[in-house]
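Engineer:
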Amino acid sequence: MFDFSSNSELGLRAHDLARRLWPINRSLTGSGVVETLEILQGIHDGLTLRSVPTGYQAFDWIVPNEWKVNEAHIIAPDGSKICNFFDNNLHLIGYSQPMRATMSRAELEPYLHSLADQPTAIPYVTSYYGENWGFCLSQAQRDALPEGMYQVCIDTEHFAGKLTYADLVLPGRSDEEILLSTYVCHPSMANNELSGPVVASALAQIIAAEKDRHFTYRFVFVPETIGALIYLSQNLDHMKAKTRAGFVLTCVGDTRGRSFMPSRAGNTLADRAARLSLKSEGSDYTAYSFLQRGSDERQYCAPGIDLPVCSVMNSKYGTFPEYHTSHDNLDFVTPKGLADSIATHRNILRILEQNYRVRTRILGEPQLGRRGLYANLSKVGSAANSMNMRNLVAYADGGTDLIEMSEEIGVDFFELAALAQMLAKHDIVELLR
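Residues 12 to 444 in our numbering are what the sequence shown spells out, letter by letter.
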């Protein structure tokens with residue numbers, strides 16, 4: 012199932028899409044988010060853009076004004092233009108207020124942000140819900156600023172507008188759903204921003220190409236935190252009733268390792284399928300605690316919402332030095348890193364599609380021999396070939412699924428799934444969702 016191109020080719024295509032999205036200035040609101048979603052809409056039939064107005068309340072959060080940047084830079088004493096927003100959109104603090112002023116180096120200092128331990132990196136700083144302004148630059152550039160007078164130009168607009176997000180629903184035979192959620196609210200950063208949407212896009216293409224799928228797949232593209240809360244506020248009853256497993260796609264593009272963030276419950280179907288997939292591919296992954304959460308699993312797993320949502324990442328957000336800096340770029344995120352994440356997630360989805368609870372139709376151990384499933388000649392070692400079948404039947408109590416059996420019996424999940432299908436054809440077991 013889900014045999015759509017090679018993972019390596021999909022990784023290259025995902026990286027190409029990231030390059031296309033890279034220059035766009037994204038934030039919680041504004042034209043950058045809309046442009047990003049419209050590009051994705053051009054790839055996916057059925058991707059629907061939606062919006063809510065400024066002032067919309069989603070649980071405890073209120074949608075802020077829309078933000079637009081017309082121009083932002085500083086004129087240095089020698090007349091050169093520095094911290095130019097159009098050179099790198101990380102130079103301007105997100106949601107900066109408009110400002111035009113002439114000030115000394117000392118007066119400007121409180122409004123400059125850099126990283127002393129990463130002298131060549133521009134940090135990413137935002138102030139969505141407070142009235143602030145400022146610029147970000149490398150520590151090396153900051154240290155080189157001469158004394159003198161600086162002209163600050165920030166031409167931004169804050170106005171009652173809208174917050175835009177999108178979803179794509181790919182129906183299956185069942186109305187039970189798998190959720191794949193990612194965010195589109197950061198400016199030019201590759202792992203912490205673009206890797207999620209481009210991997211989600213690749214997975215959506217894979218799933219759309221597979222016509223015989225059991226589950227319905229819901230892809231959600233939202234601004235982080237407030238976007239997830241808005242989506243939940245409008246779809247909570249449906250999602251609580253129909254979501255069987257969910258995954259937040261973030262930080263899935265580098266090649267430094269694998270990471271797992273469980274749901275709050277810790278042992279949902281999503282958690283178990285993700286752990287099994289990571290184990291089966293031999294990943295030496297880092298398992299984190301839900302106490303170390305930091306992305307939209309916070310919203311999907313919140314008390315009262317309680318969706319079965321976890322994350323499989325490469326390097327977890329906040330753990331790599333490039334995080335929230337200009338060094339999180341398209342060299343840090345690679346086609347191979349994206350391809351590996353696509354492969355892992357498509358494997359998780361294959362596990363979910365082929366997972367069943369298994370219930371025996373026969374009291375006691377079935378006689379496999381008369382069905383041609385057991386060697387007729389009994390001798391030392393003759394039972395070995397049928398042991399996996401017998402073990403599967405031994406656990407076929409109607410409450411144990413194939414993921415759990417695979418872990419307990421120590422047999423590859425897909426081998427076990429094939430055995431279950433064969434036993435079902437012989438009316439030895441029945442397969443239950």
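Ideal Cβ positions, reconstructed from N, Cα and C, are used throughout, including at glycine.
For Tyr228, name the three-state secondary structure that DSSP assigns.
Structural biologist: It is a strand residue.
Engineer: In angstroms, rounded to a whole number, what distance separates the CA positions of Lys390 and Lys290?
Structural biologist: Confidence at Lys390 is low in this model, with a pLDDT of 41, below 50, so its placement is unreliable and no value can be given for it.
Engineer: To which residues does DSSP link Cys147 through a beta bridge?
Structural biologist: Beta-bridge pairing links Cys147 to His124.
Engineer: Please check the pair Gly409 and Arg370, which I expect to be a contact at CB under 8 Å, by giving their CB distance rounded to whole angstroms.
Structural biologist: Their Cβ separation, rounded to whole angstroms, is 4 Å, which keeps Gly409 and Arg370 in contact under 8 Å.
Engineer: Would you decide whether Glu82 is buried or exposed? Buried here means 16 or more other CB atoms lie within 10 Å of its CB.
Structural biologist: That one is exposed.
Engineer: Report the rounded CA-to-CA distance for Ile224 versus Ala354, giving the unit in angstroms.
Structural biologist: Looking at the sequence provided, one finds Arg at residue 224 rather than Ile. Those two C-alpha atoms are separated by around 18 Å.
Engineer: With a threshold of 8 Å, are at least 3 pairs of Cβ atoms found where one atom belongs to the segment 312 to 329 and the other to the segment 182 to 189?
Structural biologist: Verdict: no, contact absent.
Engineer: In or out: Asp342 buried (at least 16 other Cβ within 10 Å) or exposed?
Structural biologist: The residue in question, Asp342, is exposed, as its Cβ has fewer than 16 Cβ neighbours within 10 Å.
Engineer: Does DSSP put Gly105 in a helix, a strand or coil?
Structural biologist: Note: Gly105 maps to strand in three-state DSSP.
Engineer: If we require 4 or more residues per run, which alpha helix (DSSP H) segments fall completely within the segment 414 to 443?
Structural biologist: Runs of the alpha helix (DSSP H) inside the segment 414 to 443: 424 to 436.
Engineer: Once DSSP output is grouped into helix, strand and coil, what is the label at Ala298?
Structural biologist: Three-state result, Ala298: strand.
Engineer: Does the distance from the C-beta atom of Leu260 to that of Thr336 stay below 9 Å?
Structural biologist: No, Cβ-Cβ distance for Leu260 and Thr336 is not below 9 Å.
Engineer: Would you identify the three-state DSSP class for Ala29, choosing helix, strand or coil?
Structural biologist: DSSP places Ala29 in helix when its eight states are reduced to three.
Engineer: Output the distance between the C-alpha atoms of Phe13 and Ile217, rounded to the nearest integer angstrom.
Structural biologist: Here the model assigns Phe13 a pLDDT of 44, short of 50, so the residue's position is not dependable, and the following value carries that caveat. Roughly 6 Å between the two C-alpha positions.
Engineer: On the premise that Cys262 lies in contact with Met200, defined as a C-beta separation below 8 Å, what is that separation, rounded to the nearest angstrom?
Structural biologist: With 8 Å as the limit, Met200 and Cys262 do not qualify as a contact, their Cβ atoms being about 10 Å apart.
Engineer: Drop a sphere of 10 angstroms on the beta-carbon of Met160, count the other beta-carbons inside from all chains shown, and report buried for 16 or more, exposed for fewer.
Structural biologist: So Met160 counts as exposed.
Engineer: Where do the N-terminal and C-terminal ends of the beta strand (DSSP E) with Gly257 fall, by residue?
Structural biologist: 254 to 259 is the span of the beta strand (DSSP E), which, as asked, contains Gly257.
Engineer: Going by DSSP, what residue range makes up the alpha helix (DSSP H) through Ser288?
Structural biologist: From DSSP, the alpha helix (DSSP H) with Ser288 extends over 280 to 291.
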